[in-house]
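> Can you keep this structure in mind? I'll have questions shortly.
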Ligand code: PMT
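Numbering (the numbering used here), first residue to last: 185 to 622.
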């Protein structure tokens with residue numbers, strides 16, 4: 185897909201707020217426009233990191249981009265102290281989107297052929313982020329069949345081509361090859377985060393821990409930060425859905441423009457969920473709901489006079505099972521997605537929960553390795569930026585020998601987008617099947 189016409193309006197959009205954008209700059213006179221692009225992306229709320237090829241630094245100094253982005257600039261395989269901490273894999277994982285602008289004929293050729301001979305091409309190859317490139321070159325270079333073929337290869341690999349535009353070129357010629365205007369690149373980037381896959385659907389999403397009171401000052405809780413659930417809410421909103429996010433105590437700021445309900449205990453979460461289920465199309469239970477609560481909450485702070493203290497716990501109602509149980513009674517039952525936090529036999533335990541709780545989908549994550557990740561891999565699971573997901577559906581991928589669908593280790597924000605896309609696909613398939621059998 186090639187994007188050449190975008191609304192030039194300078195209207196402030198929320199779509200880039202909090203997004204990690206890696207801007208790759210290659211050697212070309214249009215590199216000066218990337219300074220404006222950096223500033224605009226920053227103003228739109230994105231966190232921008234710059235990677236320059238050696239040739240790019242001949243056109244604009246790294247200092248300019250350091251000043252504009254507020255971060256040190258990465259220059260090829262630079263091992264300068266300031267930047268050594270973030271290697272290409274880290275940068276590749278960090279990015280929600282990579283935009284190479286300007287993209288020279290040389291770098292386009294390298295990217296098309298999976299070359300990895302500098303920091304920019306290596307990072308691109310290692311990243312599963314959204315990727316865009318804005319070609320900028322002399323019109324004859326642009327028209328060259330090799331360049332055209334390389335661009336097709338890149339777009340076939342999933343890169344979004346932005347431009348080029350036509351007009352007067354720096355070399356004095358007129359024709360196609362000018363880098364797309366910065367406002368058009370920004371608009372295209374914003375549209376990358378708006379899939380529309382859940383347009384108009386109503387989603388109820390739970391996130392975070394629940395706190396079960398022991399006395400007025402103490403509680404039983406867990407290490408859920410809310411990150412996974414909030415990322416899902418954000419991704420679903422970007423996919424066009426109307427979101428009700430029901431969250432236990434969390435330090436995070438909820439995404440803007442959604443219905444946010446703050447609760448503390450499992451009982452409050454259950455009440456909030458059932459209060460908002462009437463027109464819900466998809467229910468996603470990412471919260472780590474306490475399985476037990478204290479039988480008798482003390483009215484006053486418990487004194488530490490005794491040498492030991494025994495708390496009697498009673499089981500909380502299983503909110504997820506109760507939503508899924510609406511199936512027999514209520515034709516309006518939502519599509520139900522549960523999570524499974526497992527420390528062993530991840531797939532088997534998740535499959536058992538999928539079936540026992542009568543879910544449409546279960547998303548399993550390994551929460552055993554989160555404290556002590558293997559060398560070179562990020563911590564995953566509770567209270568981490570990263571996760572690894574195994575997804576089983578009630579359909580064909582939940583059979584005894586199936587390992588389900590794996591979403592490899594990535595930032596929760598990226599996994600949330602992949603998961604929302606998969607949920608949208610499965611939801612539509614389910615509705616189609618229901619229609620055909622009606
Ligand atoms: O918040 P983060 O720090 O980002 O961490 C994310 C996470 C690890 C909390 C998340 O990815 C996750 O796995 N959430 C579910 C944790 C959990 O409670 O798993 P479980 O296997 O105990 O419960 C299974 C399912 O039943 C879950 O969907 C849970 O929301 C639901 N449940 C559980 C108990 C209960 N009383 N009511 C429920 O609805």
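Glycine included, every Cβ here is placed at the ideal spot set by N, Cα and C.
1. Do the segment 239-249 and the segment 212-219 touch if we need at least three Cβ pairs shorter than 8 Å?
2. Beta carbon of residue 504: closer than 7 Å to some heavy atom of the ligand PMT?
3. May I have a chain-ordered list of the alpha helix (DSSP H) segments no shorter than 4 residues that lie completely inside the segment 486-567?
4. Could you give the C-beta distance for residue 566 and residue 551, rounded to a whole number, given that I count them as a contact under 8 Å?
5. As a quick exercise: from 359, 295, 352, pick the residue whose alpha carbon is nearest that of residue 344.
6. What separation, rounded to the nearest whole angstrom, lies between the Cα atoms of residue 610 and residue 325?
7. List the whole-angstrom C-beta distance separating residue 389 from residue 429, where the pair is believed to meet the contact cut-off of C-beta under 8 Å.
8. Keeping to the same chain, check which residues put their C-beta closer than 6 Å to that of residue 264; ignore five residues upstream and five downstream.
9. Within a Cβ cutoff of 8 Å, which residues of the same chain sit near residue 269, ignoring the five residues on either side of it in sequence?
10. Could you check if residue 200 is buried or exposed, using at least 16 other CB atoms within 10 Å of its CB as the buried criterion?
11. Are there three or more Cβ pairs, one per stretch, closer than 8 Å when the segment 442-460 is compared with the segment 493-512?
12. Any heavy atom of the ligand PMT within a distance shorter than 7 Å of the CB on residue 501?
13. Do the segment 314-331 and the segment 349-368 make contact, defined as three or more Cβ pairs closer than 8 Å?
14. At what residue ranges does the segment 229-257 contain a whole run of the beta strand (DSSP E), taking only runs of 3 or more?
15. State the beta-bridge partners of residue 395 as determined by DSSP.
16. If I follow the unbroken alpha helix (DSSP H) through residue 367, where does it start and stop?
17. Could you compute how far the alpha carbon of residue 571 sits from the alpha carbon of residue 350?
18. By Cβ distance below 6 Å, which residues in the same chain neighbour residue 387 in space, the five residues on each side in sequence not counted?
19. Roughly how far, in whole angstroms, is the beta-carbon of residue 521 from the beta-carbon of residue 447, given that I think they are within contact range, below 8 Å?
20. With distances taken from CA atoms, which of 478, 406, 470 is nearest residue 400?
21. Measuring alpha carbon to alpha carbon, tell me which residue in 475, 485, 398 is nearest residue 524.
22. Report the option in 491, 439, 353, 377 whose CA atom is closest to the CA atom of residue 391.
23. Going by the CB atoms, is the gap between residue 207 and residue 283 shorter than 8 Å?
24. Taking the straight line between their C-alpha atoms, what separation do you get for residue 482 and residue 491?
25. Quick check: the Cα distance between residue 204 and residue 234, rounded to an integer number of angstroms?
26. Apply the 10 Å Cβ neighbour rule to residue 539 and answer buried if 16 or more other Cβ atoms are within range, or exposed otherwise.
27. Roughly how many whole angstroms lie between the Cα atoms of residue 275 and residue 239?
28. To the nearest whole angstrom, what separates the beta carbons of residue 259 and residue 236, a pair I think is in contact under 8 Å?
29. Among 280, 279, 286, 529, which one has its Cα closest to the Cα of residue 221?
30. Classify residue 592 as buried or exposed, calling it buried when 16 or more other Cβ atoms lie within 10 Å of its own Cβ.
31. Tell me the residue span of the beta strand (DSSP E) that contains residue 284.
32. Examine the ligand PMT and report whether any of its heavy atoms sits within less than 7 Å of the Cβ of residue 535.
Result, derived from the coordinates:
1. yes
2. Residue 504 sits at position 320 when you count from the first residue of the chain shown. Checking the Cβ of residue 504 against the ligand PMT gives yes.
3. 503-508, 510-513, 530-540
4. Taking the first residue of the chain shown as 1, we reach residue 566 at position 382. Taking the first residue of the chain shown as 1, we reach residue 551 at position 367. The pair is a contact, with the Cβ atoms about 5 Å apart (cut-off 8 Å).
5. Along the chain shown, read from residue 1 onward, the residue named residue 344 stands at position 160. That would be 295, whose Cα lies nearest to the Cα of residue 344.
6. One-based indexing of the chain shown puts residue 610 at position 426. One-based indexing of the chain shown puts residue 325 at position 141. So the alpha carbons of these two residues sit roughly 44 Å apart.
7. For the purposes of this step, residue 389 is taken as the residue at position 205 of the chain shown. For the purposes of this step, residue 429 is taken as the residue at position 245 of the chain shown. 5 Å between Cβ atoms; contact.
8. As a first step, residue 264 must be located in the chain shown, where it is residue number 80. Reliability fails at residue 264, whose pLDDT of 49 lies under 50, so the model's placement of it is uncertain and the value that follows must be treated cautiously. Contacts found: none.
9. For the purposes of this step, residue 269 is identified with residue 85 of the chain shown, where counting begins at 1. Low confidence applies to residue 269: its pLDDT is 49, below 50, so where it sits in the model is not reliable enough to give any reading.
10. Along the chain shown, read from residue 1 onward, the residue named residue 200 stands at position 16. Result: buried.
11. yes
12. In the chain shown, residue 501 corresponds to position 317, counting from 1. Indeed, a heavy atom of the ligand PMT lies less than 7 Å from the Cβ.
13. yes
14. 231-236
15. Looking up residue 395 in the chain shown gives position 211. DSSP, once it has assigned bridges, lists no residue as partnering residue 395.
16. Residue 367 sits at position 183 when you count from the first residue of the chain shown. Here the alpha helix (DSSP H) through residue 367 covers 366-376.
17. On the chain shown, residue 571 is found 387 positions in, with the first residue counted as 1. On the chain shown, residue 350 is found 166 positions in, with the first residue counted as 1. Those two C-alpha atoms are separated by around 43 Å.
18. Position 203 of the chain shown, counted from the first residue, corresponds to residue 387. Same-chain partners within the cutoff: 420, 425, 427, 466.
19. Residue mapping note: residue 521 aligns to position 337 of the chain shown, counting from 1. Residue mapping note: residue 447 aligns to position 263 of the chain shown, counting from 1. Residue 521 to residue 447, Cβ: 19 Å. No contact.
20. Taking the chain shown and counting its residues from 1, one reaches residue 400 at position 216. Taking only the C-alpha atoms, the option nearest residue 400 is 478.
21. Along the chain shown, one-based indexing puts residue 524 at 340. Ranking the options by Cα distance to residue 524, first place goes to 475.
22. Taking the first residue of the chain shown as position 1, residue 391 is located at position 207. It is 439 whose Cα lies nearest to the Cα of residue 391.
23. Along the chain shown, read from residue 1 onward, the residue named residue 283 stands at position 99. Along the chain shown, read from residue 1 onward, the residue named residue 207 stands at position 23. Contact flag set, yes.
24. The residue labelled residue 482 in the question sits at position 298 within the chain shown. The residue labelled residue 491 in the question sits at position 307 within the chain shown. Going by the C-alpha atoms only, they are around 18 Å apart.
25. Translated into the one-based positions of the chain shown, residue 204 becomes position 20. Translated into the one-based positions of the chain shown, residue 234 becomes position 50. Roughly 11 Å separates the two Cα atoms.
26. Within the chain shown, residue 539 is the residue found at index 355, counting from 1. By the neighbour-count rule (16 or more Cβ atoms within 10 Å), residue 539 is not buried but exposed.
27. Position 91 of the chain shown holds residue 275. Position 55 of the chain shown holds residue 239. Spanning the two alpha carbons is a distance of roughly 21 Å.
28. Locating residue 259 in the chain shown gives position 75, where the first residue counts as 1. Locating residue 236 in the chain shown gives position 52, where the first residue counts as 1. That pair is a contact at about 5 Å.
29. Counting from 1 along the chain shown, the entry for residue 221 is found at position 37. Answer by Cα proximity: 286.
30. As a first step, residue 592 is located in the chain shown; it is residue number 408 there, counting from the start. Residue 592 is exposed by the Cβ-count criterion.
31. Indexing the chain shown from 1 puts residue 284 at position 100. Counting along the chain, the beta strand (DSSP E) containing residue 284 begins and ends at 281-287.
32. To locate residue 535, count along the chain shown from 1; it is residue 351. Result no, Cβ not under 7 Å from the ligand PMT.
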